[in-house]
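A short write-up of the structure that comes next.
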């Protein structure tokens with residue numbers, strides 16, 4: 008079913024069955040559907056912008072898009088929910104509080120939501136049309152990805168606008184941007200992959216190490232690192248599950264690991280070795296960490312108090328049953344750092 012929302016999120020809505028029959032609901036909570044529901048929201052709520060970004064990974068691409076859009080969005084970027092098309096050539100933007108209201112209203116219905124789309128993005132190529140006191144302008148009329156919707160009183164197009172209804176308006180979700188993604192995913196039973204669990208747990212574990220380091224050292228650097236890793240844990244949780252991270256994602260991740268949802272033995276044993284080596288190397292701190300499930304390795308960037316600490320940490324890891332390979336030692340802003348790979352020792 009296609010479910011068309013009205014300007015009032017919780018107000019009347021219109022459903023269109025696969026057979027093309029329109030069903031009018033007095034309130035959104037009255038909506039029912041046999042199977043998945045694709046939601047079409049008023050286009051005034053969201054904008055879609057063309058992008059020209061280099062090839063980047065998911066989180067890096069999102070950060071680059073946020074930077075590129077900063078001057079084009081009349082609001083703080085961190086207050087917006089931003090999604091990126093699969094080809095990286097378009098970005099969809101909607102206020103986070105608006106998106107949260109949409110999500111909460113739809114959850115009240117109990118519907119199984121396939122996706123949430125802007126009306127002008129889902130509209131097939133053709134002329135502008137009027138629906139429920141707004142004019143919808145498909146991308147085909149703007150020569151790119153700059154379609155839009157506007158209150159009919161503010162529409163300045165010269166062409167005649169035809170009144171239409173949801174039951175007669177053709178739409179397609181193929182290629183349209185789904186705003187129900189990332190932190191606002193509505194996938195039922197969205198699970199965490201083994202690699203995703205391990206990666207999140209790695210941040211959670213090192214977050215714990217940072218807390219310990221902060222308690223021991225009482226240093227501002229360790230405190231800042233704690234906050235960084237906490238943010239990374241939440242971001243990775245969202246990326247792996249498609250859901251907003253809880254205040255402390257570590258317990259739910261660790262419960263899943265214990266139930267067999269992740270690389271428990273390999274990751275936990277490597278984390279224990281890393282903790283032991285870190286504890287035996289006073290002043291050493293973890294800056295970044297990544298778990299490679301395919302190779303059963305922890306890849307870390309370490310901040311060392313001095314050059315000898317790298318060798319000390321290698322020996323400590325070996326004593327704990329691991330093999331820590333350090334390299335690429337360098338100084339940055341007066342701080343010694345280097346990348347390292349931790350794997351199980353030959354005797355483990």
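Numbering (the working numbering), first residue to last: 8 to 355.
No residue lacks a Cβ here, since even glycine has one placed at the ideal position from N, Cα and C.
In the three-state scheme derived from DSSP, where H, G and I count as helix and E and B as strand, residue 50 is classed as helix.
Taken through DSSP and simplified to helix, strand or coil, residue 10 comes out as strand. Residue 95 and residue 154 have their C-alpha atoms spaced approximately 18 Å apart.
In the assembly as shown, residue 158 is an exposed residue. Its beta-carbon has fewer than 16 other beta-carbons within 10 Å. Cα atoms of residue 291 and residue 70: separation of roughly 29 Å, rounded to the nearest angstrom. Residue 121 sits close to residue 43, with the two beta carbons spaced by under 7 Å.
Here residue 127 carries a helix assignment [DSSP, helix/strand/coil]. A straight-line Cα-Cα distance of about 23 Å links residue 126 and residue 72.
Approximately 6 Å separates the beta-carbon atoms of residue 47 and residue 9; this is inside 8 Å, confirming the contact. Assigned with DSSP and collapsed to three states, residue 104 falls in helix.
Distances from the CA of residue 190 to each of 107, 135, 178, 146 were compared; the closest alpha carbon is that of 107. The beta carbon of residue 180 lies closer than 7 Å to those of 45, 122, 124, 129 in the same chain, with the five residues before and after it left out.
Contact check for residue 349 against residue 331 passes: the beta carbons are separated by less than 7 Å. With fewer than 16 other Cβ atoms inside 10 Å of its own Cβ, residue 166 counts as exposed. If you draw a straight line from the Cα of residue 311 to the Cα of residue 84, it is about 35 Å long. Scanning 33, 31, 98, 301 for the CA closest to the CA of residue 186 turns up 98.
Per DSSP, residue 350 is one residue of the beta strand (DSSP E) stretching across 342–351. Take the alpha-carbon of residue 25 and the one of residue 192: they are about 24 Å apart. Here residue 347 is near residue 333, since their CB atoms are less than 7 Å apart. Linking residue 80 to residue 305 through their CA atoms gives a straight-line distance of about 39 Å. Around the C-beta of residue 321, 16 or more other C-beta atoms lie within 10 Å, and the residue is accordingly described as buried.
Across the set 90, 293, 105, the C-alpha of 105 shows the shortest separation from the C-alpha of residue 52.
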